[in-house]
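Let me begin by presenting the structure, written as structure tokens, before commenting on it.
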Amino acid sequence: ETRYFEQRLDHFSFSELPTFNQRYLISSEHWAGADRLGPIFLYCGNEGDIEWFAANTGFVWEIAPSFGAMVVFPEHRYYGESMPFGSREEAYKNAATLSYLTAEQALADFSVLITSLKRNLSAEACPVVLFGGSYGGMLAAWMRLKYPHISIGALAASAPILQFEDIVPPESFYNIVSNDFKRESTSCFNTIKASWNALISLSQKENGLSQLTRMFRLCRELKNTEELANWLESAYSNLAMVNYPYPSDFLMPLPGHPIREVCRKIDGCPDGTSILERVFEGVGVYYNHTGEVDCFKLDDDPHGMDGWNWQACTEMVMPLSSSPDSSMFPAYDFNFSAFQEECWTNFKVNPRPRWITTEFGGKDIMTNLKTFGSNIIFSNGFLDPWSGGSVTQNVSDSIVALNTQEGAHHIDLRAATAQDPNWLVEQRATEIKLIKKWLSAYYRAKGATLLSNVETGNMATPCKTCPESSL
4 ETRYFEQRLD
14 HFSFSELPTF
24 NQRYLISSEH
34 WAGADRLGPI
44 FLYCGNEGDI
54 EWFAANTGFV
64 WEIAPSFGAM
74 VVFPEHRYYG
84 ESMPFGSREE
94 AYKNAATLSY
104 LTAEQALADF
114 SVLITSLKRN
124 LSAEACPVVL
134 FGGSYGGMLA
144 AWMRLKYPHI
154 SIGALAASAP
164 ILQFEDIVPP
174 ESFYNIVSND
184 FKRESTSCFN
194 TIKASWNALI
204 SLSQKENGLS
214 QLTRMFRLCR
224 ELKNTEELAN
234 WLESAYSNLA
244 MVNYPYPSDF
254 LMPLPGHPIR
264 EVCRKIDGCP
274 DGTSILERVF
284 EGVGVYYNHT
294 GEVDCFKLDD
304 DPHGMDGWNW
314 QACTEMVMPL
324 SSSPDSSMFP
334 AYDFNFSAFQ
344 EECWTNFKVN
354 PRPRWITTEF
364 GGKDIMTNLK
374 TFGSNIIFSN
384 GFLDPWSGGS
394 VTQNVSDSIV
404 ALNTQEGAHH
414 IDLRAATAQD
424 PNWLVEQRAT
434 EIKLIKKWLS
444 AYYRAKGATL
454 LSNVETGNMA
464 TPCKTCPESS
474 L
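Numbering (my numbering), first residue to last: 4 to 474.
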């Protein structure tokens, strides 16, 4: 069921500012009810349409019946239909209207929504468990620190909360992407590595940009090589994130093991095929696996994630660099001055690179998590490039890291399939066990009984009435 909740534009001001309607999805079909302290599973919406995330988070829907849980998916402000100022055009108008697009405001939205919902249902004593993947996972972890009374625990999947300032090496992201390709095929890795110079070389020839436009079947004439290079880099990075062992339709419709398929295309071209032609064949797996695309739009944003550019230019400053020694990407050192100039050009705003660490636990976040935090699962797959900025070691008895060598971006949050490898089944079973442990402790403190019939080590039965998952 889709509902809307009236939210304050600014939770941290007492001025009478406009309000907006936050969309949220809710299912109480399997909820045990307030009188039995039925739990509430809340997914922290991230940078996109909430229906998209709900359709790709089958794990939450599948385990809810066993726990007698209500499921709530609130949408992040400024994404999907949750637009302040009445429309996306007005919300994204300038820095003044965008200034309320922050993680802090989003966490306050979630907290106010769930508090109001519980009060209206006389369910104030019902425990809340948070879920989130990627940025949503970061929000879930941060919510445990900022609003610990709102929930009893959080599953933060693929949540790079350490990817700020110099907490982790800025090269880690592109190194992991590169290793994902190299482990499939060294020749594929080398072809991609050589393609950047080939791209520049062709562009400098007479009519070079026109040749590139035709070669890559672009919808409009190429203006410079940078926009094409960014398009290619996005494909490789996203492929590393969604390198699932089965077909999926999260970012794009893709086959199982998509990087393997990309490298098969690149390596399988006939002798005499140029480097750039090989690369085009490869990225077609990402941008045109269905074969339905006539021409490619370099600036396409199918999931409405453009608001992330604002967030990256304000508080989500996550430095990424590329080392020529270990990466298949061009050498690049993160340059804050250049980044600052770009943000000013695009938004008339200056980034605050130290704000997130100030707001959410300081540079020594591990110590602060151990001192002030509890009941957080940080799940990671080491094929995921964001794992380099995630918590991959146990912090305490109740803040644990669940790592898989073959996992990609928050694969554990996806719906169960017949193709799931054993390590994924085991990872989810451990997550269920820990959630059950949190709830058991809560119910014991309340003198109640755990409602779950989930047995340790068993996966939930897929939910027949859940939203259709994109698999």
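We put the beta carbon where it would ideally sit given N, CA and C, even for glycine. All values derive from a computational prediction rather than experimental measurement.
Assuming P261 contacts Y290 (C-beta within less than 8 Å), just tell me the rounded distance between them.
Here residue 261 corresponds to residue number 258 of the sequence shown, with the count starting at 1. Here residue 290 corresponds to residue number 287 of the sequence shown, with the count starting at 1. That belief does not hold up - the Cβ atoms of P261 and Y290 are roughly 11 Å apart, past 8 Å.
I'd like to check one pair, I43 with M117: are the Cβ atoms closer than 8 Å?
Numbered from 1 along the sequence shown, position 114 holds the residue referred to as residue 117. Numbered from 1 along the sequence shown, position 40 holds the residue referred to as residue 43. Inspection of the sequence shows that residue 117 is occupied by Ile rather than by Met. Yes.
Mind checking which residues open and close the beta strand (DSSP E) that includes T5?
The count along the sequence shown starts at 1 and reaches residue 5 at position 2. Element bounds for T5: 5 to 11.
Taking the alpha-carbon positions, what's the A404 to L28 distance?
The residue given as residue 404 occupies position 401 in the sequence shown. The residue given as residue 28 occupies position 25 in the sequence shown. Between A404 and L28, the C-alpha separation is close to 29 Å.
DSSP three-state label for T407, please.
Within the sequence shown, residue 407 is the residue found at index 404, counting from 1. Strand at T407.
By the three-class DSSP mapping on this structure, what secondary structure does N134 have?
To locate residue 134, count along the sequence shown from 1; it is residue 131. Before going on, a small fix: residue 134 reads as Phe here, not Asn. Of the three classes helix, strand and coil, the one that applies to F134 here is strand, per DSSP.
Would you list the residues sitting across from T22 in a DSSP beta bridge?
For the purposes of this step, residue 22 is taken as residue 19 along the sequence shown, with counting starting at 1. Its beta-bridge partners are R11.
In whole angstroms, give me the CA-to-CA distance for R281 and L40.
The residue you call residue 281 lines up with position 278 of the sequence shown. The residue you call residue 40 lines up with position 37 of the sequence shown. Each residue's Cα considered, the two are about 58 Å apart.
Tell whether a beta-carbon distance below 8 Å holds between G139 and G48.
One-based indexing of the sequence shown puts residue 139 at position 136. One-based indexing of the sequence shown puts residue 48 at position 45. Result yes, Cβ atoms of G139 and G48 sit closer than 8 Å.
DSSP state of V394, grouped into three classes?
If you number the sequence shown from 1, residue 394 lands on position 391. Coil.
Measuring alpha carbon to alpha carbon, tell me which of D183, S277, D302 ends up nearest C266.
The count along the sequence shown starts at 1 and reaches residue 266 at position 263. Answer by Cα proximity: D183.
Is the beta carbon of G364 less than 8 Å from the beta carbon of L148?
By 1-based counting over the sequence shown, the position of residue 364 is 361. By 1-based counting over the sequence shown, the position of residue 148 is 145. Yes. Within cutoff.
So for S325, helix, strand or coil by DSSP?
Counting from one through the sequence shown, the residue named residue 325 turns up at place 322. In this structure, S325 counts as strand in the three-state DSSP scheme.
DSSP three-state label for M141, please.
Residue mapping note: residue 141 aligns to position 138 of the sequence shown, counting from 1. Correct three-state label for M141: helix.
Counting only C-beta atoms, is E295 closer than 8 Å to chain B at any point?
Protein chains in the displayed structure number just one, and chain B is not present.
Give every residue of the same chain whose Cβ lies closer than 7 Å to the Cβ of L279, excluding the five residues on either side of it in the sequence, and list them in chain order.
For the purposes of this step, residue 279 is taken as the residue at position 276 of the sequence shown. Within the same chain, L279 has close Cβ partners S198, A201, L202, L205, M218.
With respect to the beta strand (DSSP E) encompassing P77, which residues constitute its N-terminal and C-terminal limits?
Working through the sequence shown from its first residue, we reach residue 77 at position 74. 73 to 77 is the extent of the beta strand (DSSP E) around P77.
Taking only three categories from DSSP, how would you classify G89?
Counting from 1 along the sequence shown, the entry for residue 89 is found at position 86. Helix.
Using 8 Å as the threshold, is the segment 74 to 82 in touch with the segment 168 to 184, meaning 3 or more CB pairs across them?
The segment 74 to 82 vs the segment 168 to 184: no contact.
By the three-class DSSP mapping on this structure, what secondary structure does P470 have?
Stepping through the sequence shown from its first residue, residue 470 is reached at position 467. Because P470 sits at a pLDDT of 44, beneath the cut-off of 50, its placement in the model cannot be relied upon, and the point is left open.
Out of curiosity, what's the CA-to-CA distance linking S340 and N178?
Within the sequence shown, the letter at position 337 stands for residue 340. Within the sequence shown, the letter at position 175 stands for residue 178. S340 and N178: Cα-Cα distance of roughly 24 Å.
Once you ignore the five residues that flank L416 on each side, which residues in its own chain have a CB closer than 6 Å to its CB?
Within the sequence shown, residue 416 is the residue found at index 413, counting from 1. Around L416: T60, F62, G136, A160.
Can the beta-carbon of L242 be found less than 8 Å from the beta-carbon of P250?
In the sequence shown, the residue the question calls residue 242 occupies position 239. In the sequence shown, the residue the question calls residue 250 occupies position 247. Result no, Cβ atoms of L242 and P250 do not sit closer than 8 Å.
Taking G310 as the reference, which of L12, K96, E9 has the closest Cα?
Looking up residue 310 in the sequence shown gives position 307. Among L12, K96, E9, the Cα nearest to that of G310 belongs to K96.
Measure the alpha-carbon distance for E93 versus P87 and round it to whole angstroms.
By 1-based counting over the sequence shown, the position of residue 93 is 90. By 1-based counting over the sequence shown, the position of residue 87 is 84. If you take the alpha carbons of E93 and P87, they lie about 8 Å apart.
Any idea what DSSP makes of L257, helix, strand or coil?
Your numbering for residue 257 matches position 254 in the sequence shown. The answer is strand: DSSP assigns L257 an E or B state.
With burial defined as no fewer than 16 other Cβ atoms inside 10 Å of the residue's Cβ, what is the status of N383: buried or exposed?
Translated into the one-based positions of the sequence shown, residue 383 becomes position 380. Buried, since its Cβ has 16 or more Cβ neighbours within 10 Å.
Taking 7 Å as the cut-off, does the CB of R6 come closer than this to any heavy atom belonging to the ligand NAD?
As far as ligands go, the structure on display features none, and thus does not contain the ligand NAD.
Tell me whether Y445 sits in a helix, a strand or coil according to DSSP, three-state version.
One-based indexing of the sequence shown puts residue 445 at position 442. Three-state DSSP puts Y445 in a helix.
If H14 sits next to A111, beta carbons under 8 Å apart, how far is it from one beta carbon to the other, in whole angstroms?
One-based indexing of the sequence shown puts residue 14 at position 11. One-based indexing of the sequence shown puts residue 111 at position 108. Going by Cβ atoms, the distance from H14 to A111 rounds to 4 Å, so yes, they are a contact pair.
Taking only three categories from DSSP, how would you classify F385?
Numbered from its first residue, the sequence shown carries residue 385 at position 382. Reduced to three states, the DSSP call for F385 is coil.
Output the distance between the C-alpha atoms of D303 and L221, rounded to the nearest integer angstrom.
Position 300 of the sequence shown, counted from the start, is the residue given in the question as residue 303. Position 218 of the sequence shown, counted from the start, is the residue given in the question as residue 221. Each residue's Cα considered, the two are about 12 Å apart.
Nearest-angstrom Cα distance between A143 and D297?
Taking the first residue of the sequence shown as 1, we reach residue 143 at position 140. Taking the first residue of the sequence shown as 1, we reach residue 297 at position 294. Whole-angstrom Cα-Cα distance: 40 Å.
Do E318 and I379 count as a contact pair if the criterion is CB distance below 8 Å?
Locating residue 379 in the sequence shown gives position 376, counting from the first residue. Locating residue 318 in the sequence shown gives position 315, counting from the first residue. No, the Cβ-Cβ distance between I379 and E318 is not below 8 Å.
What separation, rounded to the nearest whole angstrom, lies between the Cα atoms of T293 and G287?
In the sequence shown, counting from the first residue as 1, residue 293 sits at position 290. In the sequence shown, counting from the first residue as 1, residue 287 sits at position 284. Going from the Cα of T293 to the Cα of G287 covers about 9 Å.
Does the segment 19 to 34 come into contact with the segment 65 to 76, if we say contact requires no fewer than three beta-carbon pairs (one atom in each stretch) closer than 8 Å?
These segments touch.
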